[in-house]
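Written out below as structure tokens is the structure these notes cover.
In my numbering, the protein residues as written are 97 to 628.
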């Protein structure tokens, strides 16, 4: 394999994402969005032919594997007499920032952009949640305490914000791209002092390619643990709902409180929880965590030993009240066993590794016999999430709106829904599915629209939500029809259809040569697609 192929693979591994789109720089310096993943073969073609490609930072599962700081001289300074002042300010602030990163043992890559700026890249061993990457980007910058002249230079951050939009996000020019306006390649610097006198390349020699490859081979990515230890912070690593874990009815061969606490003493995470129990100073979050850990623990005879242990623990607290405690436990009895992320987040300590469900359970309990992964054992929270999403869909999207269905959804209590849904599923009869027909009179025809009644709507939607979670179905950005929102996030069953159609229309236009689009009129419609 050639050196240029090796370099392409290294760039791809560090910077490319699984997005089905990228951007290509035009002769005027602007970038145009194009369809297609950025793969090593495309990067190799870019290197061989002097191309300039920008890669979108966010993966389709809302994770990233790098953050970037873009230090630029302001355009307004380029034609002024004090351009040298701006250049000196740029070099000074970048040097200070890199020195800070080095002092914190944060590995980085420094890249001359090929035009008027410098990129500082920090890459991660594993993909990290998008919102966490935003927190880290700002945490590092704020901690560095850079004081610079904003009339001369600017610093752009990637990601730009913590908000995840329905678009593919922001993009950054790939290293070793050839800038279309300056006609120079961007490239990695070996040492920070190289910024004092940039060398500019409009061709790639084999010696240059080998040196760039060597820089990437030596580079070491960092982990979230490294960031947390360096800055003494705790970063929440997922948006997992308390009900996504779905572990319920844990069966043990028996366990006493002293055995449980002795077992927890072996774990640096659970040792903290043990200490809070023994000193009688459990906070509200720790109490809820204990409910989630113990409420569904049974012995082989079917006795709820977890609830007994829970009451025994809470009796050790200085403000224990028997009536209030039992009432609170009853109200929280639908809690599922918490995930590793939730345990770590509340205790503010990490396990040494990512644990699967059984490994996590054995860290918590001794004498584990079995457990039930209850993906389709619905709870009142499932009802509330689905009810809210259905009501929103009925108002905003449904062509056959029904005030009767809406009122029923609004008025029935969650526990009544839960009982009715379980009865509906357990005694399913396809001859007893309730629906109504809505006749819509149109200009040339009458259209019959079929809509399910209230219980049928809630039931089918709650099953859809759990099937989507159970199979962890991947996101496909090439699909522009009905796309299920995982867990009905933000109260939507599907991603908003109007945005998806606008997105489809934009992608369609991007694939057409300009000379063709000037002479044709295109119509997009759900049922037909024609060119006139």
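Note that the Cβ used here is the ideal one computed from N, Cα and C, for glycine as well.
Continuous beta strand (DSSP E) stretch holding residue i: start and end
i: residue 347; result: 343 to 348
i: residue 173; result: Where residue 173 is concerned, there is no enclosing beta strand (DSSP E), given that its DSSP letter is neither H nor E.
i: residue 252; result: 249 to 254
i: residue 207; result: 205 to 208
Buried or exposed by the 16-neighbour rule on C-beta atoms within 10 Å, applied to residue i
i: residue 364; result: exposed
i: residue 100; result: buried
i: residue 465; result: exposed
i: residue 567; result: exposed
i: residue 131; result: exposed
i: residue 611; result: Residue placement at residue 611 is flagged as unreliable, the pLDDT there being 46, under the threshold of 50; the coordinate-derived value follows with that caveat. Exposed, because fewer than 16 other Cβ atoms sit within 10 Å of the Cβ of residue 611.
i: residue 626; result: Residue confidence is low: residue 626 scores 40 on pLDDT, short of 50, so the model does not pin down where it sits. No coordinate-derived value is stated.
i: residue 206; result: buried
i: residue 375; result: exposed
i: residue 308; result: buried
i: residue 584; result: buried
i: residue 185; result: buried
i: residue 123; result: exposed
i: residue 536; result: exposed
i: residue 460; result: buried
i: residue 119; result: buried
i: residue 125; result: exposed
i: residue 108; result: buried
i: residue 427; result: exposed
i: residue 397; result: exposed
i: residue 344; result: buried
i: residue 418; result: exposed
i: residue 139; result: buried
Beta-ladder partner(s) of residue i, from DSSP
i: residue 547; result: 532
i: residue 434; result: Its beta-bridge partners do not exist; DSSP assigns none.
i: residue 118; result: 130
i: residue 267; result: 152
i: residue 318; result: 220
i: residue 284; result: 207
i: residue 537; result: 542
Three-state secondary structure (DSSP) of residue i
i: residue 152; result: strand
i: residue 240; result: helix
i: residue 160; result: strand
i: residue 275; result: coil
i: residue 359; result: helix
i: residue 542; result: strand
i: residue 440; result: helix
i: residue 450; result: coil
i: residue 371; result: helix
i: residue 586; result: helix
i: residue 112; result: coil
i: residue 509; result: coil
i: residue 338; result: Unreliable placement is indicated for residue 338, whose pLDDT of 41 sits below 50; no coordinate value is reported for it.
i: residue 165; result: strand
i: residue 445; result: coil
i: residue 107; result: helix
i: residue 365; result: helix
i: residue 413; result: coil
i: residue 520; result: helix
i: residue 592; result: coil
i: residue 473; result: coil
i: residue 95; result: Nothing can be reported for residue 95: it is not among the residues displayed for the chain, which extend from 97 to 628.
Limits of the alpha helix (DSSP H) - the one that residue i falls within
i: residue 190; result: 179 to 199
i: residue 576; result: Here residue 576 belongs to no alpha helix (DSSP H), and DSSP marks it neither H nor E.
i: residue 219; result: No alpha helix (DSSP H) holds residue 219; the beta strand (DSSP E) holding it covers 213 to 225.
i: residue 313; result: 302 to 314
i: residue 39; result: In the structure as shown, the chain starts at 97 and stops at 628, and residue 39 therefore has no counterpart that could be examined.
i: residue 137; result: 136 to 145
i: residue 299; result: Careful: residue 299 lies outside any alpha helix (DSSP H) and carries neither H nor E.
i: residue 290; result: Segment: none, residue 290 is in no alpha helix (DSSP H) and carries neither H nor E.
i: residue 569; result: No alpha helix (DSSP H) contains residue 569, which DSSP labels as neither H nor E.
i: residue 486; result: 476 to 492
i: residue 420; result: 418 to 427
Which complete beta strand (DSSP E) runs does the segment 373 to 406 hold, if anything under 3 residues is left out? 393 to 395
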